[in-house]
Amino acid sequence: MENKIIIICKSSTGFTKKYASLISRKTGARLVDFKEASPELMSGCDLVIFGSRAHAGRIDGYKKIREMFHKSTARRFLLFVTGATPAAASGTINEFWAQNLTEEELADIPHFYMPGGLCYEKMSLSDRLMMKVAAKMMKKKKNKTAQDLEFERAISSSYDISDKAYAEPLIAFLSSIRES
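Reminder that position 98 of the sequence shown reads as 106 in the working numbering, one-by-one numbering, no gaps.
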């Protein structure tokens, strides 16, 4: 039996859209913009995949999409988040998940992190201002740790650390549930 899968994508600078498009191409899942999402749209699906960005320590749009999912008749939910944090920073990524998902959600919702980067050119004005303030605060900080210095360097300019390899665990997971 072919599972009906939809990917709902909330992207602001393009990294989430890049991964969502790749996953859609590799799996045949339908890709839909977050603005088009509704409980009715989800109800026609076996699996809803929500892709979004980490923004100010939160999953952008997660609360709204979760409410829609619970109003739908879709059976399963999967989550992927993109961010500027490198994949090697597993402690930071695990803290992020713990801050955003309940213990029950951590256990029940397959969730994946995919490094993206920073793109000041595509950021909203408010996001650019927030980053500029963070950079100034970091520059003025005394006795910086190695982590502080790395953060200061990382937010100094745009960069792209995305790689299709980061989407492979999610794609493999989808293959495994389709076979079961």
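Every residue gets a Cβ at the ideal spot worked out from N, C-alpha and C, and that includes glycine.
Remember, it's a predicted structure, so these values are computed and weren't measured experimentally.
> What is the C-beta distance between Ile16 and Ile73, in whole angstroms, given that I count them as a contact (C-beta under 8 Å)?
Replying inline: As a first step, residue 16 is located in the sequence shown; it is residue number 8 there, counting from the start. As a first step, residue 73 is located in the sequence shown; it is residue number 65 there, counting from the start. The Cβ separation is near 6 Å, so the contact holds.
> Which partner residues does Met53 have in the DSSP bridge list?
Replying inline: The sequence position of residue 53 within the sequence shown is 45, counting from 1. It is Cys, not Met, that sits at residue 53 in the sequence shown. Looking at the DSSP assignment, Cys53 forms no beta bridge with any residue, so it has no partner.
> Does DSSP put Gly91 in a helix, in a strand, or in coil?
Replying inline: Within the sequence shown, residue 91 is the residue found at index 83, counting from 1. Gly91 falls in the strand class under three-state DSSP.
>> Let's test the definition: count the other Cβ atoms within 10 Å of the Cβ of Met50 and tell me whether it reaches 16, buried, or not, exposed.
In response: On the sequence shown, position 42 is the one that residue 50 refers to. By the 10 Å Cβ count, Met50 comes out buried.
>> Just to confirm the assignment, what range does the beta strand (DSSP E) spanning Pro123 have?
In response: Indexing the sequence shown from 1 puts residue 123 at position 115. Unbroken beta strand (DSSP E) run through Pro123: His119 to Pro123.
> What residue range is occupied by the uninterrupted alpha helix (DSSP H) comprising Arg33?
Replying inline: Within the sequence shown, numbered from 1, the residue matching residue 33 stands at position 25. Where Arg33 is concerned, the enclosing alpha helix (DSSP H) stretches over Phe23 to Thr35.
> Would Gly91 be called buried (16 or more neighbouring beta carbons within 10 Å of its own) or exposed?
Replying inline: Sequence index remark: in the sequence shown, residue 91 carries index 83 (1-based). Buried, because 16 or more other Cβ atoms sit within 10 Å of the Cβ of Gly91.
>> For Ile15, report the span of its beta strand (DSSP E) as first-last.
In response: Sequence index remark: in the sequence shown, residue 15 carries index 7 (1-based). Unbroken beta strand (DSSP E) run through Ile15: Ile13 to Cys17.
> From what residue to what residue does the alpha helix (DSSP H) around Leu109 run?
Replying inline: The count along the sequence shown starts at 1 and reaches residue 109 at position 101. Element bounds for Leu109: n/a, residue is neither H nor E.
> Ordered along the chain, which non-local residues of its own chain (more than five positions away) have a Cβ less than 6 Å from that of Glu10?
Replying inline: Stepping through the sequence shown from its first residue, residue 10 is reached at position 2. At Glu10, the pLDDT of 48 sits below 50, so the modelled position is not reliable and the matter cannot be decided from this model.
> Are the beta-carbon atoms belonging to Phe42 and Gly69 less than 7 Å from one another?
Replying inline: Indexing the sequence shown from 1 puts residue 42 at position 34. Indexing the sequence shown from 1 puts residue 69 at position 61. The answer is yes: Cβ separation under 7 Å.
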